[in-house]
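Chemist:
Numbering (the numbering used here), first residue to last: 1 to 296.
1. Measuring only the C-alpha atoms, how far is residue 39 from residue 227?
2. Would DSSP call residue 231 helix, strand or coil?
3. Under the assumption that residue 129 contacts residue 292 (Cβ atoms under 8 Å), give the Cβ distance between them as a whole number of angstroms.
4. If we call anything under 8 Å between Cβ atoms a contact, is residue 1 one with residue 295?
5. Pull up the distance between the alpha-carbon of residue 262 and that of residue 277, whole angstroms please.
6. Please confirm whether residue 154 has its beta-carbon closer than 8 Å to some beta-carbon of chain D.
7. Between the C-alpha atoms of residue 94 and residue 156, what's the straight-line distance to the nearest angstrom?
8. Below 8 Å between beta carbons: does that hold for residue 353 and residue 248?
9. For residue 50, is the classification buried or exposed, using 16 other Cβ atoms within 10 angstroms of its Cβ as the cut-off for buried?
10. Anyone know if the C-beta pair for residue 290 and residue 118 falls short of 8 Å?
11. Assign residue 212 to one of three DSSP states: helix, strand, or coil.
12. Use the C-beta contact count for residue 5: other C-beta atoms within 10 angstroms, 16 or more gives buried, fewer gives exposed.
13. Name the residue from 285, 201, 258 and 164 whose alpha carbon lies nearest to the alpha carbon of residue 71.
14. Output needed for residue 233: all residues of its chain with C-beta closer than 6 Å, excluding positions within five of it in sequence on either side, in chain order.
15. According to DSSP, is residue 248 part of a helix, a strand, or is it coil?
16. Under the three-state reduction of DSSP, which class applies to residue 294: helix, strand or coil?
17. Would you call residue 177 buried or exposed, if buried means 16 or more other Cβ atoms sit within 10 Å of its Cβ?
18. Quick one: using the 10 Å Cβ neighbour count with 16 as the cut-off for buried, is residue 3 buried or exposed?
19. Would you please state the rounded distance, in angstroms, between the beta carbons of residue 258 and residue 133? I believe it to be under 8 Å.
20. Taking all protein chains shown into account, decide if residue 336 is buried (16 or more other Cβ within 10 angstroms of its Cβ) or exposed.
21. With distances taken Cα to Cα, identify the nearest neighbour of residue 52 among 69, 186 and 286.
22. Assuming residue 41 is part of the alpha helix (DSSP H), what are its boundary residues?
23. Could you give the DSSP three-state label for residue 282: helix, strand or coil?
24. Between which two residues does the alpha helix (DSSP H) holding residue 170 run?
25. Cutting at 7 Å between CB atoms, please list the residues of its own chain near residue 96, excluding the five before and the five after it.
26. Residue 305: buried (16+ other C-beta within 10 angstroms of its C-beta) or exposed?
27. Go through its chain and collect everything with a Cβ distance to residue 162's Cβ below 6 Å, but skip five positions before and after it.
28. For the alpha helix (DSSP H) that contains residue 122, what are its first and last residues?
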């Protein structure tokens, strides 16, 4: 895997974990996500439209991919917000991100970019680490950590991730290469995701069923900051897709955010199960090291 791509994805994980922690901390997930997206859409409106008008870096055949990817991301936001509203951050965050790793390996396989044996091993270890993260004890494994009222939302979050990751990787191979194109593509992707999320929210999360703090107490400062982190993180990932041959490796490296998120969640929320979750963190890290050294 390209060293620059690795560096970009690892840098993105710090921003990705940060905005997820911000969303979880406020306990008003739906309103946070909506305001986060509105902020980015408005801030990027003029530079996004004007720069693409001049550069013409996104060919017509890519726009259907952008649309499908944005719709998938809208599903991701809706499902993630619902999962956060009813679950433990250190359960929802890792489990929702475990399944896409191996599924993206199958996507690469279908595209003739089969991961190496070491690559599969590394991805498997990442998934094992993600799966261990919700546990408080390896001795007393509780299936309810995985099968509960948040299970459907975690599964849909994972499917949304697979959807947008697949089409964004396809798009990255058709657009003009470079960070500027990745930023412009990211803006249009984010805009479609934002509008689709807001529509899905009104269809599937009616006002009377929403959880969390009243929106008035949330404000705009934190969601906009979260939006900057969110956009910045995925801009780096989109750039990395241009440099990496296999999408599955990029998705696997994105799980380093679980290492960051798990450590931060213990500090912020004082959640239990430190020993087993540190084992999970070590397993994820080992899997990524294997991909770096022997995955190509």
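Yeah, the Cβ is synthetic: ideal placement off N, Cα and C, and Gly gets one too.
Here the structure is a predicted model, which means the values were calculated and not measured.
Modeler: Well, looking at it:
1. C-alpha separation (whole angstroms): 7 Å.
2. Note: residue 231 maps to helix in three-state DSSP.
3. Contact doesn't hold; Cβ gap of about 16 Å is too wide.
4. Between residue 1 and residue 295, the gap from beta carbon to beta carbon is short of 8 Å.
5. Rounded to the nearest angstrom, the two C-alpha atoms are 8 Å apart.
6. The question asks about chain D, but that chain is absent: this structure has only one protein chain.
7. The straight-line gap from Cα to Cα measures roughly 14 Å.
8. Because residue 353 is not part of the residues shown, which for the chain are 1 to 296, the question remains open.
9. Looking at its Cβ environment, which holds fewer than 16 other Cβ atoms inside 10 Å, residue 50 is exposed.
10. Taking 8 Å as the cut-off, the beta carbon of residue 290 is found closer than this to the beta carbon of residue 118.
11. Summary for residue 212: the model assigns pLDDT 49, below 50, so the residue's position carries little reliability, and this model does not support an answer.
12. Buried: at least 16 other Cβ atoms inside 10 Å.
13. Distance from the Cα of residue 71 is smallest, within the candidate group 285, 201, 258 and 164, for 164.
14. Within its own chain, the residues whose Cβ lies closer than 6 Å to the Cβ of residue 233, once the five positions on either side in sequence are excluded, are 12, 15 and 16, listed in chain order.
15. Residue state, collapsed to three classes: helix.
16. The answer is helix: DSSP assigns residue 294 an H, G or I state.
17. Residue 177 sits exposed, since fewer than 16 C-beta atoms from the chains shown fall within 10 Å of its C-beta.
18. When all chains shown are included, residue 3 counts as exposed.
19. The Cβ separation is near 6 Å, so the contact holds.
20. This structure cannot speak to residue 336, because the chain is shown only from 1 to 296.
21. Proximity to residue 52 across 69, 186 and 286 peaks at 186, based on C-alpha coordinates.
22. Start and end: 29 to 55.
23. Here residue 282 sits in helix by DSSP.
24. For residue 170, the enclosing alpha helix (DSSP H) starts and ends at 151 to 172.
25. Only 80, 83, 154, 157 and 158 meet the Cβ criterion.
26. One cannot answer for residue 305 here, as it falls past the ends of the chain, which runs 1 to 296.
27. Its chain contains 100 and 103 as the residues whose beta carbon lies nearer than 6 Å to that of residue 162, once the 5 sequence neighbours on both sides are disregarded; these appear in chain order.
28. It spans 117 to 132 - the alpha helix (DSSP H) in which residue 122 sits, taken as one unbroken run.
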